[in-house]
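Q:
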Amino acid sequence: MKDLRTIRIFLAILFFVLAVAYLAISPTVHPIARVVAKIQIIPSLIAVGMGAVLIWFAITFVFGRIYCSTICPVGTYQDVVIWLRRRFGGARRPLSFRQPDAVRFPLAVIFYICLPLGVAVVPFWLEPWSIMRNICGAIHPSAQEEIWLELGIGMATGIAAGILSGALLAVCAFFTGRSFCTEICPVGTALGLLSDYTLLHIEIDPDKCIDCMKCEEICEAHCIKVVSRYVDNSRCIRCFDCLKVCPNDAIRYQIHRNRRATPLMNKVGGEK
Ligand code: SF4
Ligand code: SF4
Ligand code: SF4
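Residue numbering for the sequence shown follows the working numbering, starting at 449 and increasing by one per position.
#1: Rounded to whole angstroms, what is the Cα-Cα separation between G717 and K656?
#2: Helix, strand or coil for Q547? Go by DSSP, reduced to three states.
#3: At a cut-off of 6 Å, would you count C516 as near ligand 1, judging by its Cβ distance to the nearest heavy atom?
#4: Roughly how many angstroms separate the alpha carbons of T605 and E651, rounded to a whole number?
#5: What separation, rounded to the nearest whole angstrom, lies between the Cα atoms of I530 and N706?
#6: Tell me whether K715 is buried or exposed, calling it buried when 16 or more other Cβ atoms sit within 10 Å of its Cβ.
#7: Since R683 and P548 should fall inside the 8 Å C-beta cutoff, what is the C-beta to C-beta distance between them, to a whole number of angstroms?
#8: From T518, G537, L493, pick the residue whose C-alpha is nearest to that of F458; which is it?
#9: Who are the near neighbours of E719 in its chain, counting only those whose CB is closer than 8 Å to its CB and skipping five residues on each side?
#10: Would you tell me roughly how many angstroms separate the C-alpha atoms of I503 and G523, rounded to the nearest one?
#11: With distances taken Cα to Cα, identify the nearest neighbour of A472 among L565, C520, R541, I587.
#12: Just to confirm before moving on: does the CB-CB distance between G625 and E668 stay below 7 Å?
#13: Would the beta-carbon of I652 be found less than 6 Å away from any heavy atom of ligand 3?
#14: If you draw a straight line from the C-alpha of I579 to the C-alpha of C520, how long is it?
#15: With DSSP run on the structure shown, which of helix, strand or coil describes V679?
#16: Measure from the alpha carbon of L617 to the alpha carbon of each residue in W596, L641, W573, then state which is nearest.
#17: According to DSSP, is E575 helix, strand or coil?
#18: Kindly examine ligand 2 and report whether one of its heavy atoms sits closer than 6 Å to the Cβ of I798.
#19: Kindly indicate if chain D contains any beta-carbon less than 7 Å away from that of F511.
#20: Is the CB-CB distance between T508 and L642 below 7 Å?
#21: Run through the segment 462-521 for me and flag every whole alpha helix (DSSP H) of 4 or more residues, listed as ranges in chain order.
#22: Is Q526 closer than 7 Å to A621 when the C-beta atoms are compared?
#23: If you draw a straight line from the C-alpha of A591 to the C-alpha of V477, how long is it?
#24: Leaving out five residues before and five after K447 in sequence, what residues of the same chain have Cβ atoms less than 6 Å from its Cβ?
Listed below in structure tokens is the structure:
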């Protein structure tokens, strides 16, 4: 099961490199890069319609938010910052469970109203593919010039927006993990509504957990609460880091639901 994390990191890096190549070099850089651009949720919604989104909803219903851990380049961008924090951040406080912030729902409503109305300013700052396009525009401005013209903004504004997007996202990821994904991103909010009911989900085995806290302290989505044996699967972005650190194989990606943690009586009764 720990191999899942290796596979997901490999896919995330692959999709990230292809997305950056598409946005920062050229849409014709490689045919597979074009595919990566086409399967992004909001661009495919605009280009193909609800059918493309329904496919993603079906995938999410089975696997959870794997879109957020593999396909979305903004997710991987944050993962790189979080990795740097773990490696070079010194003795930073470990991560811990946080109650979800209700602001994500009004933000998502505003976003999904603005999208069909063509109010570009909200998607420009909140939609993941737009954010990545802005960041790549700061790296190689001429690759985004056409888009900026369509949006009615000049190159200087486009570059400034890219630098600002990249910096804000990096600071947010460094200090709060994947908070952008769990509290702000409207795509993540929509996927999260489904992700609570997915077939495959992350769950703690109450009989095997030894309260070491390692999973909670590494969870970049702040969605594990060891003391209650609880995982908020709506916010879990399926990074599988928790599976790797658990010393007792007590947290798993599985279909069946464990029964709630029972008091000591169960153990006395001779159960495993
Ligand atoms: S929540 Fe949004 S920004 Fe984060 S990985 Fe998912 S789609 Fe991308
Ligand atoms: S519970 Fe947290 S650490 Fe585990 S897969 Fe989900 S987001 Fe990653
Ligand atoms: S890492 Fe495993 S044993 Fe440790 S608290 Fe989490 S589920 Fe329990």
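For every residue, glycine included, the Cβ atom is placed at its ideal position computed from N, Cα and C.
A: Considering the structure as presented:
#1: Annotation note: pLDDT 37 at G717 (below 50); position unreliable, coordinate value reported separately. Straight-line Cα distance between these residues: approximately 16 Å.
#2: coil
#3: yes
#4: 45 Å
#5: 31 Å
#6: Its pLDDT being 43, under 50, K715 is placed unreliably by the model, and the measurement read from it follows with that caveat. Only exposed fits K715, as fewer than 16 other CB atoms lie within 10 angstroms of its CB.
#7: That belief holds up - the Cβ atoms of R683 and P548 are roughly 6 Å apart, short of 8 Å.
#8: T518
#9: Residue placement at E719 cannot be trusted, given a pLDDT of 38 that sits under 50; what the coordinates show is reported in the next sentence. Within the same chain, E719 has close Cβ partners D655.
#10: Separation of I503 and G523 (C-alpha to C-alpha, rounded to the nearest whole angstrom) is 20 Å.
#11: Ranked by how close their Cα comes to the Cα of A472, the residues L565, C520, R541, I587 have I587 in first place.
#12: yes
#13: yes
#14: 11 Å
#15: strand
#16: W573
#17: coil
#18: No information on residue 798 is available, as it lies outside the stretch 449 to 720 that the chain covers here.
#19: This model lacks chain D altogether, as it is built from one protein chain only.
#20: yes
#21: 479-486, 489-495, 498-511
#22: The Cβ atoms of A621 and Q526 lie closer than 7 Å to each other.
#23: 12 Å
#24: Look at the range of the chain in this structure, 449 to 720, and you will see that residue 447 is not part of it.
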